[in-house]
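Residue numbers (this note's numbering): 16 to 148.
The next block holds one structure in the form of structure tokens; read it before the comments.
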């Protein structure tokens with residue numbers, strides 16, 4: 016749950032007035048939605064804050080809210096995956112970083128030391144003697 020101060024800030028921002036929608040004729044004559052005035056920063060923040068209020072007060076949506084498990088990523092996302100087992104905000108960015116790091120750890124063949132006198136362990140019962148590369 017958000018801290019009380021953060022909740023007050025969201026509520027304060029949500030109380031702002033975003034530009035109202037209007038129905039206008041598009042180039043093809045069909046009715047389209049347009050804003051009554053150009054949005055300012057406070058109006059845009061009001062829209063985002065209202066979405067946050069909707070998210071925080073909807074038990075189903077709130078239950079799907081997750082924090083990305085990517086290293087150094089602090090993003091939140093809605094897990095809409097079939098089994099609810101998504102781990103990253105983006106499989107293409109955070110997920111790929113983790114998969115690449117895991118692959119590098121698996122294929123590097125090092126024990127984590129840089130001492131050239133120690134044998135490198137390549138896997139179960141596979142060892143390269145010092146000085147043989």
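Where a beta carbon is used, it is the ideal one built from N, C-alpha and C, also for glycine.
Computed from a predicted model, the values in this text were never measured in an experiment.
For residue 37, the closest alpha carbon among the candidates 83, 89, 101 and 48 is that of 48.
Comparing alpha carbon positions, the residue from 119, 33 and 68 closest to residue 53 is 33. Under the DSSP definition of a beta bridge, residue 80 partners with 93. Under the 10 Å beta carbon count, residue 63 is surrounded by fewer than 16 other beta carbons and is classified as exposed. Residue environment analysis places residue 83 among the buried positions, since at least 16 neighbouring C-beta atoms fall within 10 angstroms of its C-beta. Within the same chain, Cβ atoms closer than 7 Å to the Cβ of residue 92 are found at 81, 83 and 104, the five residues on either side in sequence being excluded. Nearest C-alpha to residue 115 among 97, 85 and 90: 85. By the criterion of a C-beta distance shorter than 6 Å, residue 76 is surrounded in its chain by 70, once the five residues flanking it on both sides are discounted. Cβ-Cβ separation between residue 79 and residue 55: approximately 32 Å, too far for a contact (criterion under 8 Å). Exposed is the label assigned to residue 57, since fewer than 16 other Cβ atoms lie within 10 Å of its Cβ. When DSSP states are grouped into helix, strand and coil, residue 102 belongs to the coil group. For the 7 Å CB-CB criterion, residue 65 and residue 42 do not form a contact. Rounded to the nearest angstrom, the gap between the Cα atoms of residue 121 and residue 99 is 28 Å.
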